[in-house]
Amino acid sequence: MSDISSTETDNGPYAVRLQGILKRFPGVIANRDVNLALRPGTIHAIVGENGAGKSTLMKILYGMQKPDGGTIEIDGNIVNFRSPTDAIDLGIGMVHQHFMLADNFTVLENVILGYEPRSRFPFNFHINHRAARARIKELSDAYGLGLDPEALVENLGVGERQKVEILKVLYRGARILILDEPTAVLVPQEVTELFDNLIGLKAQGISILFISHKLDEVLSVADEITVIRGGTTVATRRPDQVTARQLAELMVGSELPSPELRESTVSDYVELEVVDLSSRQPDGRTILDDIDLRIHRGEIVGIAGVEGNGQSELISAIMGLLPADEGTISLDGEDITDWSTRRRREAGIGYIPQDRQRHGLLLDAPLWENQILGHQSQPPNAKGFWIDRDGARARTTEVVEHYDVRTPSIDVNAESLSGGNQQKLIIGREMMAGPSVIIAAHPTRGVDVGAQAAIWDQLRDARGAGLATLLISADLEELIGLSDRLLVIYKGRIVAELDPATATPEELGSYMTGAAGSASTSAETPPTTDPSSTTDVGAEP
Amino acid sequence: MKQRLSLQLAAPLLALAFALMVSALILLLADYSPADVIRVVVEEGFRRQRMVDTINRAGPYYISAVAVAIGFKMNLFNIGVEGQYKVAALVAAWAGASVAFPAPLHVAFIFMVAALSGAAYAAIPGILKATRGVNEVISSIMLNSIAFGLSSFLLARFMRAPKGKYPGTIGTVPLPGSGRLPSLNGVLATIGIHLPTSSRVQSYVLVAVAIGIIYHVIIWRTRFGFDLRATGSNPEAAQASGVNPKRMIIRAMLFSGAIAGFVGLNNIMTDAGRYTDVSVISGLGFTGIAVALLGRNNPVGIAFAAVLWAFMDALQTPLSTNDLPKQITAILQGVTVMSVVIAYEVVRRIGVRQQAAALRRDDMAGDAPPPSEPSGGPKVVPA
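So the protein sequences, as listed, match chains Y and W. Numbered per our numbering, the first sequence finishes at 541, counting up by one with no gaps. Numbered per our numbering, the second sequence finishes at 924, counting up by one with no gaps.
Following this line, the structure appears as structure tokens:
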């Protein structure tokens with residue numbers, strides 16, 4: 001492993017050094033004890049699952065968020081960013097995952113936007129295009145970007161647009177580049193080209209932080225790789241010291257909990273069935289690919305996967321929010337593929353959305369109205385055409401009592417509750433509505449430990465009462481602790497079915513990251529070493 | 542909660558005070574004395590005739606504002622109330638004059654035709670938005686222009702009264718007595734307020750009250766209203782709860798347009814008795830937007846806003862008879878709306894900040910895990 005304890009490298013101070021970075025948001029710790037050192041003139045990759053805290057870390061480094069603790073050093077000096085301007089002034093440049101370019105402007109205009117060189121004459125109003133063009137040409141040639149300053153951005157391909165973004169930050173004098181999942185939008189050929197460019201930049205002394213969760217890519221381009229998990233850095237490795245499998249394992253975590261011994265309540269009766277479900281985006285990209293899924297009464301089926309592999313779309317399809325291009329969904333033997341969301345809910349599908357504030361709550365409405373949401377056509381919340389205020393309020397009081405929602409009254413707005421209590425309210429309202437199926441997406445994300453335990457108990461009780469539950473989570477402890485069966489989703493396909501009692505971290509990690517199975521052939525698969533020796537730095541005390 | 546309520550009330554009052562100051566400044570700059578204006582307002586603004594004017598004007602303003610507010614409640618900007626009431630008034634005046642019913646039924650018939658035609662005209666931007674994603678602001682503002690042309694065309698071509706029988710301005714056949722609304726002077730006389738026949742309090746203000754009640758009941762007491770508010774508050778959560786967003790857009794526009802249909806009936810069903818190019822005044826739809834903003838889409842708030850707006854309008858007569866610029870009321874109205882919008886935004890931000898602070902306090906006190914425990918990450922030892 002690399003040693004970042006000394007302040008100096010062989011080539012002078014570190015370009016970037018983070019020590020003990022801590023960042024808190026209400027109810028969540030996004031980063032803690034983050035340590036990272038970028039050697040000058042190298043490419044340093046940061047890998048981790050979505051939600052592991054990479055984005056927050058980058059925002060801190062770019063001055064968009066202030067850390068609550070720890071130090072940032074740039075070129076050996078401790079700095080304190082108040083805004084991205086401070087970061088830019090110190091030579092940090094960020095290339096965002098989503099491009100920020102004006103399509104109807106030329107490359108030149110995009111690059112100089114906000115930093116236009118002015119002619120002295122007559123009144124400093126006039127943009128000095130000649131100087132700008134010369135500088136852009138110079139940069140483009142020096143780093144081998146090969147961009148035509150006069151080309152319209154709308155005529156450029158994705159790969160070239162990304163080069164414009166890179167050129168833009170170089171033009172502003174960046175010596176340290178942060179690339180946020182730069183390959184997410186590129187086709188393989190463009191990825192190769194990008195990597196050639198990065199190596200060119202490195203040769204010119206530019207230091208690069210490269211964020212990704214594609215392991216074979218970071219192994220091929222990075223000089224060092226730092227793994228981040230659960231908001232903290234768990235290991236730093238050189239690519240020649242580590243395999244894709246080992247990295248996957250570090251990302252996922254090394255110690256999987258053993259599922260609690262408990263009686264199986266799984267019945268033979270299939271409550272929810274998904275057959276050959278496929279869904280494509282308008283641009284033709286497949287987001288769900290031939291999904292088959294059966295959930296029995298009294299069963300919890302867990303879905304593991306790195307975020308962005310189709311979990312959200314699967315939920316949307318089951319809830320009727322995303323049309324299925326192929327395949328069928330049935331509830332209790334009845335084909336519900338063409339049903340509206342409301343009809344599905346009325347038929348007994350409960351929904352705990354992954355982002356409770358965005359999909360589950362009306363933040364500026366009181367709790368009792370939030371309790372109605374999703375069940376506004378059913379008793380006790382409604383009587384025919386009317387909202388039954390008394391019935392809804394009585395039900396809300398019940399939810400608040402039974403599900404331990406800590407609130408002064410049912411008339412406060414949902415926004416004043418803490419995340420855990422908001423979640424308990426959602427779970428309460430879905431459970432009390434008497435569903436036969438529960439779709440639970442990240443049910444304990446961002447809630448405190450106490451609420452987490454309560455929510456787990458509630459899901460177990462519901463299972464005991466015969467509910468069919470689909471559980472999607474990034475928390476493997478949760479998945480293994482609750483699920484009767486574990487499916488792994490990767491690139492919109494179910495790639496594995498595992499028994500939570502026997503699943504190993506290597507297995508899970510390699511399926512989730514595509515390092516195993518037919519999905520990826522590029523990842524090397526050397527003999528697996530003992531997990532405890534490869535993950536020493538990641539193990540929790 | 543109480544503190545927030547007082548903040549909410551303080552916002553419009555402060556905004557009004559600010560608007561008065563700006564208006565006074567403008568008067569001074571234009572070499573008029575604000576004191577003169579205040580004197581005229583105090584001495585003549587509250588005379589009986591001005592009060593009657595205020596009430597009669599407030600009714601249509603209120604209805605128009607409710608029509609706009611229904612859209613606002615789900616983040617739809619129905620800027621087309623202007624065109625909707627124009628078309629609805631014409632069709633209702635024509636249809637009302639074409640049938641013969643006993644009085645209450647006749648009035649109900651005219652109301653129904655007005656509501657249906659307003660809704661039908663408002664359905665166009667609704668359907669365009671739901672099916673083709675056309676921005677309702679653009680389509681409804683264009684449909685306003687079309688409404689003017691369309692109503693002139695329909696009137697001249699199909700709905701005008703026979704030339705020989707009704708000479709003078711082009712218009713529909715006057716409504717028979719059974720289709721008209723009585724004045725409230727008789728009722729007022731029984732409670733001791735005696736008004737001369739020249740100043741009639743129109744009963745249309747009662748129609749406005751009824752519409753306010755309907756608005757409140759539908760928006761806050763029905764499933765439709767819940768879906769509408771949910772969509773306005775958080776469209777994604779509403780959709781996940783089972784609201785069909787496209788259908789909701791069309792239904793909200795239909796409801797808004799139906800209410801808009803009532804805006805222009807006042808004069809037709811009272812003094813003028815028929816639709817002409819001048820019997821239905823223009824601009825009520827745009828006034829409605831300002832009044833809805835001022836009243837925060839709240840049925841009672843809009844009522845205050847409508848009365849305030851109408852009062853400012855009613856001041857124009859005494860101001861001009863005293864050789865003072867009556868335009869100052871328009872300036873006052875404009876500045877009031879602007880400063881109220883700003884004041885509400887400021888209040889909203891203060892509220893958000895207070896809540897965030899409260900949340901942070903809770904967080905520190907309660908459920909946050911310990912900030913930093915020893916972990917196995919790469920240790921950094923400062924040299």
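Note that beta-carbon positions come from the ideal geometry of N, C-alpha and C, so glycine has one too. Predicted model only: the values in this text are computed from it and were never measured.
Would Y:R351 pass as an interface residue toward chain W - the criterion being a Cβ-Cβ separation below 8 Å?
Arg is not the amino acid found at residue 351 of chain Y; the sequence shown has Tyr there. With 8 Å as the cut-off, Y:Y351 counts as an interface residue toward chain W.
> At which residues does the alpha helix (DSSP H) containing W:T772 begin and terminate?
Replying inline: R764 to S774
### Query
Could you give the residue range of the alpha helix (DSSP H) that holds W:L834?
L825 to L835
Exercise. Where in the stretch 845-869 of chain W do unbroken runs of the alpha helix (DSSP H), each at least 4 residues long, occur, reported from the N-terminal end onward?
Worked result: 857-862
**Asked** Since W:L865 contacts W:V578 with CB under 8 Å, what's their CB separation in whole angstroms?
**Response** 6 Å
*Which residues in the same chain have their Cβ closer than 7 Å to the Cβ of Y:S83, if we skip the five residues on either side of it in sequence?*
G63
Task: Same chain only: Cβ atoms within 6 Å of W:M810, ignoring 5 sequence neighbours per side - done: R721 and L722
- What in chain Y is Cβ-close to W:G600, meaning under 9 Å? Per Cβ cutoff of 9 Å: no residues; W:G600 is ~28 Å from chain Y at best.
- Scan the stretch 368-389 of chain Y for residues whose Cβ lies nearer than 7 Å to a Cβ of chain W and list them as they occur along the chain. I372, L373, G374, Q376, S377, A382, F385, W386 and I387
If you pair each beta-carbon of the stretch 802-822 of chain W with each one of the stretch 708-721 of chain W, do three or more pairs fall below 8 Å?
-> yes
> Roughly how many whole angstroms lie between the Cα atoms of Y:T528 and Y:T513?
Replying inline: Caution applies to Y:T528, whose pLDDT of 38 falls short of 50 and renders its modelled position unreliable; the model cannot decide the point.
- Item | Short-range partners of chain Y found in the stretch 759-787 of chain W, where Cβ spacing is below 7 Å | R762, T763, R764, F767, D768, A771, S774, N775, E777, A778, Q780, A781, S782, G783 and N785
Three-state class that DSSP yields for Y:I287 in the structure shown: strand
To the nearest angstrom, how far is it from the Cα of Y:M432 to the Cα of W:P645? 48 Å
ask   = If we ignore side chains and look at the alpha-carbon of each, how far apart do Y:I112 and Y:A132 end up?
value = 7 Å
If the cut is a Cβ gap below 7 Å, which residues of chain W does Y:A365 touch? S774
Check: Out of Y:P282, Y:E299 and Y:R175, which has the shortest C-alpha to C-alpha gap to Y:S543?
Finding: Residue 543 of chain Y is absent from the structure shown; chain Y starts at 1 and stops at 541.
*asked:* Helix, strand or coil for Y:V437? Go by DSSP, reduced to three states.
replied: strand
Return the chain-ordered ranges of every beta strand (DSSP E) run that is complete within the stretch 166-253 of chain Y and spans a minimum of 3 residues. 176-180, 207-212, 224-229 and 232-237
**OP:** Give the single residue among Y:Y269, Y:V412 and Y:L322 whose Cα lies nearest to the Cα of Y:T341.
**Re:** Y:L322
task = Grab me the residues of W:A556's own chain with a C-beta within less than 7 Å of its C-beta, minus the 5 sequence neighbours each way, in chain order.
result = T877, S880, V881 and A884
Over the uninterrupted beta strand (DSSP E) stretch that includes W:G659, give me the two end residues. Element bounds for W:G659: not the beta strand (DSSP E) but the alpha helix (DSSP H), A644 to R673.
request  = Could you check what DSSP says for W:F803 in three-state terms: helix, strand or coil?
outcome  = coil
- Query: Secondary structure at Y:T85, three-state DSSP: helix, strand or coil?
  - Reply: helix
task = Please list the partners that Y:H359 has in chain W, where partner means a Cβ-to-Cβ separation under 7 Å.
result = E777, A778 and A781
* To do: Mind listing the chain W neighbours of Y:D362? Cutoff is C-beta to C-beta under 7 Å, in chain order.
  => According to the sequence shown, residue 362 of chain Y is Leu rather than Asp. Here the neighbours are A771, S774, N775 and A778.
Could you please tell me which residues of the stretch 332-347 of chain Y, in chain order, have their CB closer than 9 Å to any CB of chain W? S340, T341, R342, R343, R344, R345 and E346
| request: Taking only beta-carbon positions, decide if Y:L57 is within less than 8 Å of chain W. | output: no
Q.
Assuming the contact rule is C-beta atoms closer than 8 Å, W:L631 and W:Y816 should be a hit. Round their C-beta distance to whole Å, please.
A. 5 Å
Requested in this report: State the Cα-Cα distance for the pair W:F845 and W:F803, rounded to the nearest angstrom.
Outcome: 19 Å
Run the CB neighbour count on W:Q874, radius 10 Å, all protein chains shown included, and call it buried at 16 or more, exposed below. buried
task: Can you grab the Cα-Cα spacing for the pair Y:I349 / W:A558, in whole Å?
output: 53 Å
| message | Quick check on Y:M431 - is its C-beta less than 8 Å from some C-beta in chain W? | response | no
> What residues from chain W crowd round Y:L321, counting only those whose CB sits closer than 8 Å?
Replying inline: Q780 and A781
Suppose the cutoff is 8 Å on Cβ atoms and the five residues either side in sequence are ignored; what does the same chain contact list for Y:G157 look like? E190
inquiry  = Runs of 3 residues minimum, wholly inside the stretch 601-632 of chain W: which ones carry the beta strand (DSSP E) assignment?
reply    = none
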